[in-house]
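Only one structure is covered here, and it is reproduced in the block below.
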Amino acid sequence: MEQPKLNNYGASFKRSPIFYIITRIVVLFFIIIIIFPLLYTLSLSVRSPETVYSARYFLIPYEFSFENYIDAFVNAEQKLKVSFPRMFLNSAVVTSLSVTLIITMSIFAAFAFSHLRFPMKESLYNVMIASVAMPAQVLLIPLFYILIYLGIINTYQAVILAYAGFLIPIGILILRMFYEQIPYELTEAGTVDGASDFQLLIKVLLPLAKPAIATCVILLFLDTWNEFIYAMIFMQDATIHTVPVGLAKIGTSRYQVNIGTYSASVMITIIPVMVIFAVFQRWFIAGMTMGALKH
Amino acid sequence: MIYKTFQFKTLLYLLPAVFIFLTFNVIPGLTSLILSFFDFTGFETNLFKKFVGFDNFIKIYEDKYFWIALKNTFLFVFGAVFIQTGIALILSIFIFFGNFKFSVLVRSIIFFPCVLAPVSVGLVWKKILEQDGVLNSILGLDYSWLSSISLVMWLIIMVNTWQWIGYNLVIYYAGLQSMNIELLEASDIDGANWSQKIFSIVIPLLWPTTILNMILNLIGGFRAFDIVYVLTRGGPAHYSEVLASYLYYYSFAAGGPNKMGVGASVAFVIFACILTIAVARIIISKRLEQN
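Chains A and B, in that order, are what the protein sequence lines are. So the first sequence is residues 1 to 295, counted in the numbering used here. So the second sequence is residues 1001 to 1291, counted in the numbering used here.
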């Protein structure tokens, strides 16, 4: 994501003052539109309960206070029966295990698709491509019963397996594409040297596939961490709610929490993601751009 | 290919992934289609007891809220495919050619909402759009935005666009960075101005990227559930229901009808929509390849 050097093709854009002004106005407008809702929620969350309905220029609180954050933690623990740390733990367990499971299985399966022969290969692959376009809700009702029959509804495994089934095609698609881009001479040289297929995968392909695996990790992390409907329906026990499910309960509950607590709860879910994004933003943007090209 | 023929050990690489994929994706998908011909609730153990033929489909056919949900889904998809892609196209061209000093930062800011949970995004906007929310304070109005039957879908589309525009933006940006610049240089010599360049060179050159963005938004549009759920729960009075939330309402919602067979028939409709689009896409791309 390097800043492109403006070559001579940019000359007529550079010369035109109208273009210069329009771009500044439009881009500034969009930046304000993007930032304002987040800043506003942040602002609500750090106002003292007495001044929560008023602020200078809608954003700057008259009185700063972190009381709302304490209230948010207490409110979650008392009304929801699941604390924020527990929600984050639940999300972390579900996300890390699903991502690990999906990537491990995809590393091997994608190798079979790219370097080995088996019957019905392309038809199976086409089914996988088609399934990527299917909305998760189509599987909701039968999955619910399959998980009941397996006796794992309301456990982490329920959601992890549902995510695995739903997201494995993405892992396989990306890794297969990547394996096939690796020059054939490399694997051929390995075979001549007497390496087994397993050694080829582990020693030749995997070290080269690190960027593709990073892309998968990012895409799968976002898909599982932010996922809502499976987590809500397959893990209805309050103690194993993930972050989005717990937050949705706080935000849409009939027993309205006050606006400060509400905003602090939302910010508690946003701030960690913001920090992770600030550190890894290049990888996030590159990963999601690469992931889009799989379609 | 390492081996000339099929080897038994290939299955060891393949089976874990294929087993999970079949058990938790393909089989539920097909079961869903079959279940749409049965009547059952969330409390039954034998789902295939009561075969009702097309009753579930007749039920949704006669339900006016199904048609509202269908219309809303298409409206939502329309917004994602045309409005969101269109804005992202303009914005990416402006940022790319605008010679911004902080272009990376600008893109990061606009991209940031994409990494947030749709639930968090929905809740952020919910408070802004409420009657005592900040939007009314800024505009000096006293309007209940999310209770407006005519506006509510457009607001949901707007919030969704707010979240995902950065995704289309960075994809366009990648397209712009790999664009063939010779045509632009040639047009400089011919004395084309900036608007001519954008409309007759840049936008046509970006056409493949536009198609990609439209497909991504189309698929994403049919998935929409979280934002609707937290913003309106399909309200007011089911007027902002989309197919996915309608399915949820019929099968799982507390206080809903708890008719899972009907939910399965809604899933059938979603399945059919996606399948039609996928087949159309394959036919179109084959046609394009031939030409």
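Don't be surprised by glycine CBs; every beta carbon is placed ideally from N, CA and C.
Assigned with DSSP and collapsed to three states, Ile152(A) falls in coil, not helix or strand. With contacts defined as CB atoms closer than 9 Å, Ala164(A) and Met128(A) fail to qualify as a contacting pair. When secondary structure is reduced to three states using DSSP, Phe64(A) falls in the strand class. Using a C-beta cut-off of 8 Å, the segment 1159 to 1178 of chain B makes contact with the segment 1107 to 1115 of chain B, since at least three inter-stretch Cβ pairs fall below that distance. For Gly1175(B), the CB contacts under 6 Å within the same chain, skipping 5 residues up- and downstream, are Leu1206 and Thr1209 in chain order.
Taking 4 residues as the shortest admissible run, the segment 1030 to 1104 of chain B contains the following complete alpha helix (DSSP H) segments, listed from N- to C-terminal end: 1055 to 1062, 1064 to 1078 and 1085 to 1097. For secondary structure counted as the alpha helix (DSSP H) over 4 or more consecutive residues, the segment 1092 to 1161 of chain B holds these complete runs in sequence order: 1103 to 1111, 1118 to 1129 and 1134 to 1139.
Proximity of Val1052(B) to chain A, defined by a Cβ-Cβ separation below 9 Å, is not satisfied. Interface annotation for the segment 53 to 71 of chain A against chain B: Phe58, criterion Cβ-Cβ distance under 7 Å.
Cβ neighbours of Tyr1250(B) within its own chain (closer than 7 Å, five residues either side excluded): Gly1256, Pro1257, Lys1259, Val1262, Gly1263 and Val1266.
The segment 152 to 164 of chain A makes no contact with the segment 209 to 218 of chain A; the number of CB pairs closer than 8 Å stays below 3. In this structure the segment 238 to 252 of chain A does not touch the segment 34 to 51 of chain A; the number of beta carbon pairs closer than 8 Å is below three. Comparing C-alpha distances from Trp1164(B) to each of Thr289(A), Pro17(A) and Ile25(A) shows the shortest one belongs to Thr289(A).
Here Arg56(A) is bridged, per DSSP, to Ile60(A).
Going by C-alpha positions, Gln1290(B) is about 11 Å away from Ile1283(B). C-alpha of Ile1277(B) to C-alpha of Glu67(A): approximately 51 Å in a straight line. For Gly251(A), the uninterrupted alpha helix (DSSP H) run begins and ends at Val243 to Thr252, by DSSP. At a C-beta separation below 9 Å, Met1214(B) has no neighbours in chain A, since its nearest C-beta there lies roughly 11 Å away.
Rounded to whole angstroms, the gap between the alpha carbons of Met120(A) and Ile107(A) is 19 Å.
Excluding sequence positions up to five before and after Thr269(A), its CB lies within less than 7 Å of the CB of Val243 and Leu247, all in the same chain and listed in chain order. Under the DSSP assignment, Ser196(A) falls outside any alpha helix (DSSP H); it carries neither an H nor an E label. Met274(A) has its alpha-carbon roughly 16 Å from the corresponding atom of Ser263(A). Residues are counted here when their Cβ sits less than 9 Å from a Cβ of chain B; for the segment 221 to 243 of chain A these are Leu222, Trp225, Asn226, Glu227, Phe228, Ile229, Met232, Ile233 and Val243, given in chain order. The straight-line gap separating the alpha-carbon atoms of Ile1189(B) and Asn1099(B) is approximately 20 Å.
Residues of chain B with a Cβ closer than 7 Å to the Cβ of Val192(A) do not exist; the shortest Cβ-Cβ separation is about 11 Å. Here Tyr1013(B) is not near Glu1241(B), since their CB atoms are 9 Å or more apart. Within the DSSP secondary-structure output, Arg47(A) pairs in a beta bridge with Phe64(A). At a C-beta separation below 7 Å, Phe1006(B) has these neighbours in chain A: Arg117, Phe118 and Pro119. When Cβ pairs closer than 8 Å are counted between the two stretches, the segment 1085 to 1097 of chain B is seen not to touch the segment 1141 to 1152 of chain B, the count staying below three. Along the segment 273 to 291 of chain A, going in chain order, the ones with a CB nearer than 7 Å to a CB of chain B are Val273, Phe277, Gln281, Phe284, Ile285, Met288 and Thr289. For the C-beta of Pro1113(B), the chain A residues within less than 7 Å are, from N- to C-terminus, Ile34. The Cβ atoms of Leu101(A) and Met267(A) do not sit closer than 9 Å to each other. DSSP places Arg1223(B) in the helix class (H, G or I) of the three-state scheme. Restricting attention to Ile1227(B), Gly1042(B), Leu1075(B) and Pro1016(B), the CA atom closest to the CA of Lys1126(B) is found in Ile1227(B). Excluding sequence positions up to five before and after Phe144(A), its CB lies within less than 8 Å of the CB of Ile153, Ile233 and Phe234, all in the same chain and listed in chain order. Along the segment 143 to 165 of chain A, the positions whose C-beta sits under 7 Å from a C-beta of chain B are Leu143, Tyr145, Ile146, Leu161, Ala162, Ala164 and Gly165, read in chain order.
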